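Structure record follows, encoded as structure tokens.
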Amino acid sequence: MLLFVVQLVGIVAFAASGALAAVRARLDVFGIVVLALTTALGGGIIRDVLLGVHPPETLRTWPYLLVATVTGLIAVWFHPQLARLRWSVLVADAVGLGLFVTAGTATALAHELPAYSACLVGMTAGIGGGAMRDILLRQIPLVLRREIYALAALAGAVVVVCGAELRLPEVPVTLVGSVLVVALRLLAIWRNWNAPTARRPPP
Amino acid sequence: MLLFVVQLVGIVAFAASGALAAVRARLDVFGIVVLALTTALGGGIIRDVLLGVHPPETLRTWPYLLVATVTGLIAVWFHPQLARLRWSVLVADAVGLGLFVTAGTATALAHELPAYSACLVGMTAGIGGGAMRDILLRQIPLVLRREIYALAALAGAVVVVCGAELRLPEVPVTLVGSVLVVALRLLAIWRNWNAPTARRPPP
Amino acid sequence: MLLFVVQLVGIVAFAASGALAAVRARLDVFGIVVLALTTALGGGIIRDVLLGVHPPETLRTWPYLLVATVTGLIAVWFHPQLARLRWSVLVADAVGLGLFVTAGTATALAHELPAYSACLVGMTAGIGGGAMRDILLRQIPLVLRREIYALAALAGAVVVVCGAELRLPEVPVTLVGSVLVVALRLLAIWRNWNAPTARRPPP
């Protein structure tokens, strides 16, 4: 129940980020809702396709669809207010990333994937929706260049895997992993941390 | 048999739209054929991956592959004539959308998906090929901005789902749904209908 | 064993091409590694999703992941040297294409796909990773415009299918197919062969 509520919050956050990006790209109402749905549900769909869960859980769970659609519609009418709440959107996006990564990793472990595979699947579940949003809007996915986005996701996945190895109870481990992802993301945004780029290529 | 013929017509239409877009992007012959195949078969492949049909039906059905390839090759040599037939291409694209949406929704219902999931899968089947075409050519998918494209697809999917709920015979329901999609799309193009965009974001 | 070694070489090659492209796009270290992994593993993941292999073999085989990650990290620090080795990168990319196409086609045949479907799946396995790399970096996939890239892949797939039809032993057939792909690609690069484009569209 706790996880379900938090997952809904994550879907709201990702749907809002997709809808706001669509508003900025001048899409119409249906484009905005389509992009909100894609961003909110894309990561989970990719995860379930990789794990062989048919049909994907996110396509079967109507509250997810309802919440993502409503969030998209709200963003159409209230996007100026939402844009002013940029900080809360970033926080919610980090929360969504944290929860989707840890839940995705735990789901992959439950399907008996080895630890490193579960980490990759979990990271894909957290990152995939935002990457689809950026590809559809013709942008280089922010995960490829934003402040330690992939590293935060990896840290959360590793926590879940270590917890499973040590047979710790699943719920607190998932929460610790999620909080770690959120903390790393917010610290990176706040301090403007960035991973090093390669040395400048010769001209 | 009727459905098979109409589906082939839809594949011809989508293959032609992909090939013509590839010609405009100055791709070579193989690029054009690859894009024709991707546009014609992409939606069905995504549908079958979501439903867990392995391998996807469109990859196993050789007339689909043959028709899409031949259409692509014809477009290479006759694209000036085809481009003049812009209206018939748009009609064919609408026919393809209508049929793929209704057939996709019916297929999803046959796999015992709930109604709202079947609508989403059917819409994805109709929209997916064109979206892949636009992503490969670095364009924002037209479905995200074109006149009520997604709404027409949704209407067709809802007709199929309602027909199944009321246990109406499948073939006429599929035809009614397809005709509704085509009519909505052509009306939208003819009258230049567009869904409202969000209010202009503050500068 | 031979195949495993050659497949690792192919992964190194694709990982290097993805990492070098990421360096040119000014991505940070994590972006470079993510792109190296995507390019090296993407084709195999698409192949296994189409064939219904869950989870995809490349996600379960840790040497593949390790080699791709290490290659990405090496490219971060030594990319000027690698860029000077442009010819060897192109050779390695051709080797990777050749092996992934033939191995993918053989895998698809082992899943009892018909011959033409196996060719398509094999070509997708060889081409998919590079296409994902280019889409993530907002480029029209080079396979759509580069010198007979798709034709070389098709030739390799046809060799494997014909060998299976004639019940020839699998290993030499795979090697012959791979060598044919590599030879065609290198000849095309060396002689600057290109497939014809469509006649110029009217202005």
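Residue numbers (the working numbering), protein chains in the order written: chain H, 1 to 203; chain F, 204 to 406; chain Y, 407 to 609. Built from N, CA and C at the ideal position, the CB exists for glycine as well. Remember, predicted model here, so these are calculated numbers, not experimental data.
Can you grab the Cα-Cα spacing for the pair Thr513 of chain Y / Asp251 of chain F, in whole Å?
19 angstroms
Contact residues within the stretch 136-153 of chain H, judged by C-beta distance below 8 angstroms to chain F
Leu136, Leu137 and Arg138
Of all Cβ atoms in chain Y, is any one closer than 8 angstroms to the Cβ of Trp393 of chain F?
no
Indicate whether at least one CB of chain Y lies closer than 8 angstroms to the CB of Leu51 of chain H.
yes
On the DSSP letters alone, give me the boundaries of the alpha helix (DSSP H) that Ile452 of chain Y sits inside.
Val435 to Leu457
Three Cβ pairs or more, each shorter than 8 angstroms: is that satisfied between the stretch 48-64 of chain H and the stretch 132-150 of chain H?
no
Rounding to the nearest angstrom, what Cα-Cα distance links Val161 of chain H and Ala524 of chain Y in this structure?
36 angstroms
What number of angstroms, rounded off, separates the C-alpha of Leu184 of chain H from the C-alpha of Ala239 of chain F?
44 angstroms
Could you name the residues of chain F that Arg60 of chain H contacts, counting a contact when the two beta carbons are closer than 8 angstroms?
Leu316, Pro317 and Ser320
Once DSSP output is grouped into helix, strand and coil, what is the label at Leu204 of chain H?
Residue 204 of chain H lies beyond the stretch modelled for chain H, which goes from 1 to 203, so this question has no answer here.
Report back the beta-carbon spacing between Ala353 of chain F and Met335 of chain F to the nearest angstrom; my notes put them in contact at under 8 angstroms.
Not confirmed; about 16 angstroms, so no contact.
Measure how close the beta-carbons of Gly246 of chain F and Glu260 of chain F come, nearest whole angstrom, since I'm counting them as under 8 angstroms.
No, Gly246 of chain F and Glu260 of chain F are not in contact; Cβ-Cβ is about 12 angstroms, not under 8 angstroms.
Comparing C-alpha positions only, which one of F:Val294, F:Arg229 and F:Phe233 sits nearest to Phe217 of chain F?
F:Val294
What three-state label does DSSP hand Thr174 of chain H in the structure shown?
helix
Residue closest to Pro461 of chain Y, alpha-carbon to alpha-carbon, out of H:Leu99, H:Leu27, H:Trp62 and H:Leu113:
H:Leu113
Quick one: what does DSSP say Ala188 of chain H is sitting in, helix, strand or coil?
helix
Under the rule that 16 or more other beta-carbon atoms within 10 Å means buried, what is Arg145 of chain H, buried or exposed?
buried
Would Leu268 of chain F pass as an interface residue toward chain H - the criterion being a Cβ-Cβ separation below 8 angstroms?
no
Write down the C-beta distance between Ala531 of chain Y and Thr580 of chain Y rounded to the nearest angstrom, noting that I regard them as a contact closer than 8 angstroms.
About 13 angstroms separates the two Cβ atoms, so there is no contact after all.
Going along chain Y, which residues have a C-beta under 8 angstroms from Val121 of chain H?
Pro461 and Leu465
Within its chain, find whatever has a CB closer than 7 angstroms to the CB of Ala164 of chain H; leave out the 5 residues flanking it on each side and keep chain order.
Leu109
Cβ of Glu351 of chain F within 8 angstroms of Cβ of Ala391 of chain F?
The sequence shown places Ile at residue 351 of chain F, not Glu. Cβ distance < 8 angstroms, so Ile351 of chain F and Ala391 of chain F count as in contact.
Expressed to the nearest angstrom, what Euclidean distance is found between the alpha-carbon atoms of Val237 of chain F and Gly31 of chain H?
27 angstroms
So which residues on chain F does Gly156 of chain H lean against when the C-beta distance must stay under 9 angstroms?
The contacting residues do not exist; Gly156 of chain H stays about 27 angstroms from chain F at best.
Reducing DSSP to helix, strand and coil, say where Ile554 of chain Y ends up.
coil
Suppose contacts are defined by Cβ-Cβ distances below 8 angstroms. Is Gly128 of chain H in contact with Ala40 of chain H by that definition?
no
Using a Cβ cut-off of 7 angstroms, pull out every chain F residue sitting near Ala131 of chain H, in sequence order please.
What Ala131 of chain H touches in chain F: nothing, since even the nearest Cβ is about 12 angstroms away.
Buried or exposed for Leu269 of chain F, please, with buried defined as at least 16 other CB atoms from any protein chain shown within 10 angstroms of its CB.
exposed
So, is Leu369 of chain F buried or exposed, given that buried needs 16 or more other C-beta atoms within 10 angstroms?
exposed
Does DSSP classify Thr264 of chain F as helix, strand or coil?
coil
Of the residues F:Arg227, F:Val279, F:Phe303 and F:Tyr267, the one placed nearest Ala360 of chain F, counting alpha carbons only
F:Phe303
From this set, F:Ser220, F:Leu371, F:Val379 and F:Pro266, which residue's C-alpha is nearest Val208 of chain F's C-alpha?
F:Pro266
Taking 7 angstroms as the limit between beta carbons, can you name the residues of its chain near Pro203 of chain H, skipping five residues before and five after?
Legend: pLDDT at Pro203 of chain H = 39, less than 50; position of this residue unreliable, value from coordinates given subsequently. Counting only Cβ-Cβ distances below 7 angstroms, and skipping sequence neighbours, we find nothing.
Quick check on Ala474 of chain Y - is its C-beta less than 8 angstroms from some C-beta in chain H?
no
Work out the CA separation of Gly221 of chain F and Thr241 of chain F for me, nearest whole Å.
8 angstroms
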